[in-house]
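Here the structure is laid out as structure tokens; the discussion comes afterwards.
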Amino acid sequence: MIRATETFNHSVIVFSKNYLPISRINIRRAIVLLVTDKAEPVYFLAEVACVVRSPSVVIQVPAHIRLKISSAERVWKVPSVSRREVLRRDKHQCQYCGSRKKLTIDHVIPLSKGGKHSWENVVIACEPCNSRKGDRKPSEAGMLLTTQPKAPIHPAIAFAEQFWHQRQPEFVNSKVEI
Ligand SMILES: [Zn+2]
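Put into structure tokens, the structure is as follows:
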């Protein structure tokens, strides 16, 4: 019986069969995947997430594992432009000033000036920024977008990009009693 301790909060990165980092799971799930032979350790980064010990067994849980099975092929399409999806993409923040209050949808190039209701032309803007901008392009209103709006990308690709971008040493060599 593995005793649950706070060390079980450490997480393991899961790579797909094709070595694409796809998600972060907890140690407990990682052990299950390893024990049931659905995943194998990835040693190229040679990091250990935690060590699980009993009098007879020592299991080193690697910080990275790779699925041996193909993960269920999930059909993913670019979502259509909706308030909910735009809020999610823009992290519930005004793309002009960063405010999180009174959020509205802004068409960067106003619809009246030929702008489209597309991922590339909508951003979240707070009410004050939206009314200050009015029926103008950001440049005409002297305003700057903090990001270039674009369509959301596949969640696994987004995770992979974030993983490689933010990668820092996560070496945790803790012990868990069995
Ligand atoms: Zn704003």
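54 is the number of the first residue of the sequence shown in this note's numbering; add one for each residue after it.
Heads up, the beta-carbon is just placed ideally off N, CA and C, and yes, glycines get one too.
Which residue from 82, 183, 160 puts its Cα closest to that of residue 135?
160
query: Can you give the beta carbon distance from residue 114 to residue 102, rounded, assuming they're within the 8 Å contact cut?
result: 5 Å
Using a C-beta cutoff of 7 Å, does residue 157 count as contacting chain C?
Note that chain C does not occur in the displayed structure, where there is just one protein chain.
- Query: Residues in its own chain within less than 7 Å of residue 139 by CB, not counting five upstream and five downstream?
  - Reply: 158, 175, 177
Hey, out of 182, 105, 92, 170, whose CA is closest to residue 133's CA?
Selection 182, 105, 92, 170 evaluated against residue 133 yields 170 as nearest (Cα-Cα).
| request: Tell me whether residue 138 sits in a helix, a strand or coil according to DSSP, three-state version. | output: helix
Please report the straight-line C-alpha distance between residue 189 and residue 165, rounded to a whole angstrom. 9 Å
**Message:** Starting from residue 184, trace the alpha helix (DSSP H) in both directions and tell me its first and last residue.
**Reply:** 180-186 is the span of the alpha helix (DSSP H), which, as asked, contains residue 184.
Kindly provide the ranges of any beta strand (DSSP E) runs that are 3 or more residues long and lie completely inside the region 71-128, ordered along the chain.
74-79, 92-94, 101-106, 111-115, 117-120
Next on the checklist: Please report the distance separating the alpha-carbon of residue 118 from that of residue 209.
Outcome noted: 16 Å
Worksheet item: Cβ of residue 135 within 6 Å of any heavy atom in ligand 1?
Response: False, no ligand heavy atom lies under 6 Å from that Cβ.
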